[in-house]
Structures are given as C-alpha cells and as structure tokens.
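Take a look at the structure below.
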Amino acid sequence: MEEVLINCNKYTFIKEFKDNTLLRNSYNALTQKTYGFDFEQWYQGGYWGSGYKPYSLLEGENIVANVSASIVDCLVLGESKRYIQIGTVMTDSAYRNQGLARYLMKKVIEEWKNKCDMIYLFANNSVLNFYPKFGFTAANEYKYSKTITKDNEVIVAEKLDVPLDNNRELVEERVANSISISRLTMLKNVGLIMFYCTSFMRDKVYYLREQDVIVIAEFKGDTLYLQDIFSLSEVDLDNIIKSLTNKEIKTVVLGFTPNDVDGYYVNLLQEDNTTLFVMKDKSDLFRDNKLMFPILSHA
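Position 170 of the sequence shown, counting from 1, maps to 169 under numbering that gives the first Met the number 0, and the rest follow consecutively.
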C-alpha cells in the first residue's frame with residue numbers, strides 16, 4: 000500500500016490484493032457496477048492467478064478506480080513474446096474526471112514498458128481520445144472467413160456443461176497443453192480461457208469426441224463463428240469445421256488468424272464499440288501480417 004495525493008485528494012494505491020476478501024469484494028462491486036459482471040466465480044474456481052494484476056486506488060475501504068494489467072504470453076509468427084494487456088479500466092461515477100485513471104495508467108505503463116514486447120488494450124467508443132495521450136495508437140485487425148458447402152445432416156459436436164467437474168478437467172487439460180493453430184496465439188493462459196468457458200461463453204463449448212478436440216463456437220443463422228480450438232495434437236482445421244457444420248451453414252468466421260490462410264477471405268475486423276490500441280511503434284505488426292488477437296485473449 001502507498002498513500003498518494005491526486006488533485007489535492009488522498010488515496011491509497013494498492014495491487015496484488017486478490018486474496019484479501021474485503022478488497023476483492025470491493026473490486027468485484029465496482030466491476031459489477033461498471034461492467035455488469037465480477038470475478039468472484041473465477042477466483043473461487045482457482046483461475047485468478049498471478050497473470051492478472053489490478054492496480055487500484057482506495058478511499059477508505061472502497062476501491063474507487065482501477066486499471067488492470069494482464070500478462071499475455073504469446074506465440075507470434077513463430078516467436079515467443081510477452082505482451083501486457085491493459086483492461087478493467089474503471090472509475091466509480093462519483094470520482095470521475097479527477098485524474099485517477101490517468102494516474103493508474105501511468106503507473107502501469109511505467110512498470111511494464113521495459114518488461115514486455117508490447118502493451119495494448121481494447122477501448123470502447125467513449126474513450127477513443129483518452130488512450131493516445133499515453134502513447135497508444137489505433138491499429139486495425141483482420142478477420143478470416145470462408146464460404147462452405149457441406150451436405151452433413153447433423154453436427155457431431157457435443158455441447159459441454161463446463162462447470163461439471165469432469166468436463167472442466169477435460170477442458171482445462173486441453174487448454175493448458177494445446178497445439179497452436181494460429182499465427183498469433185496465447186500460450187498456456189488457462190485462467191483467461193476458463194473465464195470465458197465458465198461465464199460469457201459457457202454455452203458455446205463443444206467437444207469433438209472422435210478427434211478429442213475442444214472448440215468454442217457460436218451459431219447464428221447460416222454462419223458458424225469458430226472462436227478457438229484446443230487440441231493435444233495437430234488438427235486439420237477443415238475437418239474441425241466439417242464436424243461443426245451441416246447443410247444449413249454457409250459461412251465460417253474465425254476468431255483467430257489461422258496458420259494456413261489459403262482459401263480464406265481476409266477483411267478488416269470491425270467490432271461494435273471495440274478498437275485495438277497499441278504502443279505506436281508496434282502498430283505495423285497487425286497491418287503488415289494481417290493479424291488479429293484471438294477473441295478469447297481479450298481480458
């Protein structure tokens with residue numbers, strides 16, 4: 000803990016507090032108030048590890064502002080990289096426009112700028128003018144899709160109820176030891192993947208028993224959104240797609256950049272209310288190589 004003075008007001012700066020029930024509850028309360036979810040189930044499941052680091056300001060016993068740093072180790076075009084993703088940026092409504100987020104952003108950047116290969120974040124439309132003040136610039140991402148024609152009558156994938164112990168262990172093992180299928184992929188970030196599998200995407204987890212593969216997928220109309228694949232051995236992406244489609248599915252959109260892009264259309268990724276920002280000297284990585292961060296890497 001460190002006492003700090005920001006615009007003539009006193010606060011306590013804290014980090015590494017996940018095992019402090021009082022502080023964690025306050026953090027969850029602010030997250031719920033700001034974003035409509037919290038991290039308690041994730042914590043109780045044992046998935047909140049050392050890779051997710053909130054930097055927070057306290058007034059009294061209440062967390063009133065936060066900026067988090069997530070350590071995201073990646074394999075990028077065959078090279079190991081350590082990236083830092085900034086996220087869970089929030090300030091209690093009663094404390095906004097007082098410089099708290101600015102203080103925490105500077106704190107995180109100063110601590111990590113010389114310890115990683117890149118710092119990045121995803122911003123909503125309301126703060127697009129905020130992050131360039133810290134040296135970030137907007138960067139385009141690129142999505143891959145293809146038109147498919149399959150005459151399968153049924154989809155052979157089994158939907159999993161991940162919170163069940165056996166299913167959770169099945170998913171965890173494959174996530175932890177998965178073979179990369181992407182030009183930009185996270186390495187062994189079980190905690191973040193399980194956050195999705197036990198919350199926002201818990202009804203989108205499937206098991207291809209014959210191939211022993213876990214997939215995260217969503218079906219909307221005639222389109223399959225294949226968000227990620229986790230396998231203990233090399234897989235044929237076309238075979239995975241075949242197992243997930245029937246004659247009603249006409250298009251597949253990938254949530255990652257495939258290793259083999261032949262046969263795919265590549266287009267600018269345009270997500271509602273989401274823009275990638277990276278430190279200025281790194282923005283050409285995505286432009287020159289037509290990459291995207293995997294959907295499930297967003298912290």
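Glycine included, every Cβ here is placed at the ideal spot set by N, Cα and C.
Remember, it's a predicted structure, so these values are computed and weren't measured experimentally.
C-alpha gap between residue i and residue j, whole angstroms
| i | j | result |
| --- | --- | --- |
| G134 | F121 | 14 angstroms |
| E58 | R23 | 14 angstroms |
| S0 | Y26 | Strictly speaking, residue 0 in this sequence is Met, with Ser absent from that position. Each residue's alpha carbon lies about 15 angstroms from the other. |
| N6 | K106 | 16 angstroms |
| Y54 | F12 | 7 angstroms |
| I70 | S125 | 25 angstroms |
| K203 | A68 | 27 angstroms |
| N113 | Y130 | 19 angstroms |
| A215 | S92 | Note that residue 215 is Ile in the sequence shown, not Ala. Rounded to whole angstroms, I215 to S92 spans 35 angstroms at the Cα level. |
| D116 | S79 | 10 angstroms |
| V265 | L163 | 38 angstroms |
| V234 | N165 | 23 angstroms |
| W111 | I147 | 44 angstroms |
| V170 | Y10 | 41 angstroms |
| N19 | V63 | 16 angstroms |
| E217 | N65 | 32 angstroms |
| M278 | T136 | 6 angstroms |
| K219 | D160 | 20 angstroms |
| E2 | Y94 | 17 angstroms |
| D221 | D287 | 31 angstroms |
| Q84 | P293 | 13 angstroms |
| N245 | E15 | 48 angstroms |
| T197 | T33 | 20 angstroms |
| Q43 | D261 | 43 angstroms |
| D72 | N8 | 37 angstroms |
| T30 | L127 | 21 angstroms |
| A138 | S282 | 6 angstroms |
| Y263 | R101 | 41 angstroms |
| K149 | K158 | 21 angstroms |
| N61 | L223 | 43 angstroms |
| R81 | L74 | 9 angstroms |
Whether residue i touches residue j by CB criterion (8 angstroms)
| i | j | result |
| --- | --- | --- |
| L268 | E140 | yes |
| W41 | F194 | yes |
| R173 | L231 | yes |
| S181 | N96 | no |
| L290 | L183 | yes |
| L56 | L99 | yes |
| N188 | G50 | yes |
| G86 | A298 | yes |
| F38 | W47 | yes |
| L295 | I178 | no |
| S175 | Y205 | Residue identity differs from the one stated: residue 175 is Ala in this sequence, not Ser. Contact flag unset, no. |
| I154 | L243 | yes |
| F255 | D227 | yes |
Coarse secondary structure for residue i, derived from DSSP in three states
| i | result |
| --- | --- |
| A28 | helix |
| I154 | coil |
| V170 | helix |
| L13 | As written in the sequence, residue 13 is Ile, which differs from the Leu given in the question. Of the three classes helix, strand and coil, the one that applies to I13 here is strand, per DSSP. |
| F135 | strand |
| K149 | coil |
| I180 | coil |
| F292 | coil |
| S282 | coil |
| L163 | coil |
| E39 | helix |
| V260 | coil |
| N123 | coil |
| L268 | coil |
beta-carbon residue i near the ligand HEM non-hydrogen atom, thresh 7 angstroms
| i | result |
| --- | --- |
| V3 | The ligand HEM is not part of this structure, which contains no ligands at all. |
So within the region 182-256, which uninterrupted alpha helix (DSSP H) runs reach at least 4 residues, ignoring any that extend past its ends?
Secondary structure within the region 182-256: the alpha helix (DSSP H) runs of 4 or more consecutive residues, fully enclosed, are 189-196, 236-243 (chain order).
Does the count of Cβ pairs from the region 196-215 and the region 230-244 closer than 8 angstroms reach three?
Enough Cβ pairs lie closer than 8 angstroms, so yes.
Identify every run of the alpha helix (DSSP H) within the region 41-116, keeping only runs that are complete inside it and at least 4 residues long; order them along the chain.
For the region 41-116, whole alpha helix (DSSP H) runs of length 4 or above, ordered along the chain, are 99-111.
At least 3 beta-carbon pairs within less than 8 angstroms: the region 250-267 vs the region 105-119
Cβ pair count under 8 angstroms is below three, so no.
Using a Cβ distance threshold of 8 angstroms, determine whether the region 121-130 contacts the region 270-278, with at least three qualifying pairs required.
In short, these stretches touch, since the Cβ pair count reaches three.
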